[in-house]
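According to the working numbering, the residues represented by the sequence shown are 1 to 457, in order. From the three backbone atoms N, C-alpha and C, an ideal C-beta is built for every residue, glycine too. Worksheet: the structure to be examined is printed underneath.
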Amino acid sequence: MYNVAIVGAGPAGIFAALEITKLKPDWKVILIEKGQKIEKRKCLLREGWEKCPSCKKCGLLCGWGGAGAFSDGKLTLTPDVGGHLVDYMSREKVEDLIGYSDDLYLKFGATDEVFGTDKAVFREIERQAALAELKLVHSPVRHLGTERSLDVLKAMQDYLDEKITILNNVSAQSLIVECEQVKGIVLDNGETIKAEYTIIAPGREGADWLTKEFDKNKIGFVNNAVDVGVRVELPAPVFEPLTSKLYESKLVYYSPTFGDEVRTFCMNPNGEVVQENYNGISTVNGHSYAEKTTNNTNFALLVSKKFTEPFKEPIAYGQHVASLANMLAGGVLVQRFGDLLDGRRSTPERIKSSIITPTLTCATPGDLSLVIPYRQMLSIIEMIYALDKIAPGTASRYTLLYGIEVKFYSARVKLTNELETEGVKNLFAIGDGAGVTRGLIQASASGIHAARTICSR
Ligand SMILES: Cc1cc2nc3c(=O)[nH]c(=O)nc-3n(C[C@H](O)[C@H](O)[C@H](O)COP(=O)(O)OP(=O)(O)OC[C@H]3O[C@@H](n4cnc5c(N)ncnc54)[C@H](O)[C@@H]3O)c2cc1C
1 MYNVAIVGAG PAGIFAALEI TKLKPDWKVI LIEKGQKIEK RKCLLREGWE
51 KCPSCKKCGL LCGWGGAGAF SDGKLTLTPD VGGHLVDYMS REKVEDLIGY
101 SDDLYLKFGA TDEVFGTDKA VFREIERQAA LAELKLVHSP VRHLGTERSL
151 DVLKAMQDYL DEKITILNNV SAQSLIVECE QVKGIVLDNG ETIKAEYTII
201 APGREGADWL TKEFDKNKIG FVNNAVDVGV RVELPAPVFE PLTSKLYESK
251 LVYYSPTFGD EVRTFCMNPN GEVVQENYNG ISTVNGHSYA EKTTNNTNFA
301 LLVSKKFTEP FKEPIAYGQH VASLANMLAG GVLVQRFGDL LDGRRSTPER
351 IKSSIITPTL TCATPGDLSL VIPYRQMLSI IEMIYALDKI APGTASRYTL
401 LYGIEVKFYS ARVKLTNELE TEGVKNLFAI GDGAGVTRGL IQASASGIHA
451 ARTICSR
């Protein structure tokens, strides 16, 4: 019998465990993680495999550290980016939680430099952005880099290993709910874990499982937006005036034709584009190392669309669009911006006779207009022209567009302000899997918030 059972050792689950062990050192806590310990984790794609082997448990997303382990480790220190925690509590409270979580990252070895804190610099870039009809979101960033992220998460694992029970390579299979109160979890090895409180933090990887279990227990959902787009890669000097000062510039644009929100996301100065696998579908992402650099900068351009009734499958929609790219290209597709405008596919020869060398070598040159819906495609083109005004060269015919980048934001669980499910008592849902967050720092903060609520009861 445990006081608290936690499902998922991503940032949300880890930070919940850290806070509980601090506030209630005598409590018995168990953390269940379906992937490996951090030192055993590996993603074959990142180790040079040409094609994603679609591992049964994705090495990139599963295991200690969750999706955070091989992430770029950019801690975006603002409530405006990376989640919806402000929908559950005041902005000041979210800021406090973010500051507290950031301090914990520092305590476990994060780098102390924060980009984007100089107000005068921000104002000037904000002014230039406004002239191009772009909104610059103030988002100071602490950048760990992939190597440092792994070190920090390993330090957390070592610390918690001595304080709580950690199960690896075991999945939570079903919730035990009696009289509208959670009593524990049944694992896929047949074991039953009884606990007074249960925190579910399975990330996007476990979102389908969460939806199924919550549906079974009549816990409701609300739709999140669907974000579909491309990853842009261009010579690093094009964005240097912004990246050298802000590291990551979060820019928002409302496309003139459709009025949809288009935003830059996950900017990686001197970074590389990577392929990801989501339930057998290849998508694209990007990251940068603290030490190893390339000559290119990459970032995503995502078009947000919130659908209305009767649609309720945002993840399936994103999967469908991404699978079209896979059907045509056998994986990720890449096209030069100029070829897209000229209405022709890119070919290996055209990609070669360019001023940019792609960092993702396994992408197949092709035609994105055969994949991305017209609405999103046009919004992306309009955004590229807007960006060209503050970073001339963005709309170059050589700029590379990789598809599809899609954010599988889980449907959002109906939760109280304490992140407890509406309908099942003592059951908490946090992090990306619950649709509450979309990034490392807010996922971590959601874990702290749930842990404090539980400890205060
Ligand atoms: C390549 C990449 C780069 C990224 N870069 C950044 C970045 O720079 N900055 C940023 O803010 N965000 C970044 N993100 C997003 C960030 O990693 C996530 O927002 C964050 O990790 C979410 O935390 P989480 O704890 O909610 O879920 P996750 O980190 O996804 O962790 C969930 C864990 O639960 C486990 N799990 C799932 N189902 C079960 C089950 N049934 N039983 C047991 N265990 C289960 C999974 O194996 C996983 O380990 C990146 C993501 C990726 C993939």
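Excluding the 5 residues preceding and the 5 following Ser354 in the sequence, name in chain order all residues of the same chain whose CB lies nearer than 7 Å to its CB. Arg336 and Tyr398
For Tyr100, which residues of its own chain have a beta-carbon under 7 Å away from its beta-carbon, when the five flanking residues on both sides are left out? Ile448
What I want to know is whether the C-beta of Pro140 ends up closer than 7 Å to one or more non-hydrogen atoms of ligand 1. no
Nearest-angstrom Cα separation, counted from Glu261 out to Lys305: 8 Å
Using beta carbons (cut-off 8 Å, strictly below), is Met267 in contact with chain D? Within the model displayed, chain D is absent; a lone protein chain is all it includes.
Rounded to whole angstroms, what's the CA-CA distance from Arg375 to Glu113? Just pull it up for me. 39 Å
List the whole-angstrom C-beta distance separating Leu136 from Glu126, where the pair is believed to meet the contact cut-off of C-beta under 8 Å. 5 Å
Which term fits Asp188, buried or exposed, when burial requires 16 or more other beta carbons within 10 angstroms of its beta carbon? exposed
Please identify the residue among Phe428, Ile380 and Ala395 whose C-alpha is closest to the C-alpha of Glu405. Ile380
Measuring CA to CA, which of Thr394, Asn223 and Lys218 is closest to Ala477? With the chain running from 1 to 457 in the structure shown, residue 477 is simply not present.
Looking at Lys74 and His138, is the spacing between their C-beta atoms short of 8 Å? no
Buried or exposed for Cys58, please, with buried defined as at least 16 other CB atoms from any protein chain shown within 10 angstroms of its CB. buried
Less than 7 Å separating the Cβ of His84 from some heavy atom of ligand 1? no
If we ignore side chains and look at the alpha-carbon of each, how far apart do Leu360 and Asp26 end up? 49 Å
Sheet register partners of Thr198 (DSSP bridge): Ala5 and Leu427
Does the count of Cβ pairs from the stretch 66 to 81 and the stretch 433 to 450 closer than 8 Å reach three? yes
Heavy atom of ligand 1 less than 7 Å from the Cβ of Asp227, yes or no? no
Should Pro235 and Asn298 be called a contact, given that it needs their Cβ atoms to be closer than 8 Å? no
Give me the Cα-Cα distance between Ile458 and Ile30, rounded to the nearest whole angstrom. Residue 458 lies beyond the stretch modelled for the chain, which goes from 1 to 457, so this question has no answer here.
If Glu248 and Val141 are in contact, beta carbons under 8 Å, what's the gap, nearest whole angstrom? 5 Å
Suppose contacts are defined by Cβ-Cβ distances below 8 Å. Is Pro365 in contact with Val413 by that definition? no
Among all the DSSP beta bridges, which residues are the ones paired with Asn285? Val274
Is any heavy atom in ligand 1 found nearer than 7 Å to the beta carbon of Lys250? no
Alpha-carbon to alpha-carbon, Arg350 and Gly431: 42 Å
Taking C-beta to C-beta, are Gln157 and Lys37 nearer than 8 Å? yes
From what residue to what residue does the alpha helix (DSSP H) around Phe214 run? Ala207 to Lys216
Are there any heavy atoms of ligand 1 lying less than 7 Å away from the beta-carbon of Pro358, as far as the coordinates show? no
Could you check which residue in Gly435, Ile200 and Phe258 has the C-alpha nearest to that of Ala5? Ile200
Determine the DSSP secondary structure at Lys107, reduced to helix, strand or coil. helix
Is Ser101 near ligand 1, with its Cβ less than 7 Å from a heavy atom? no
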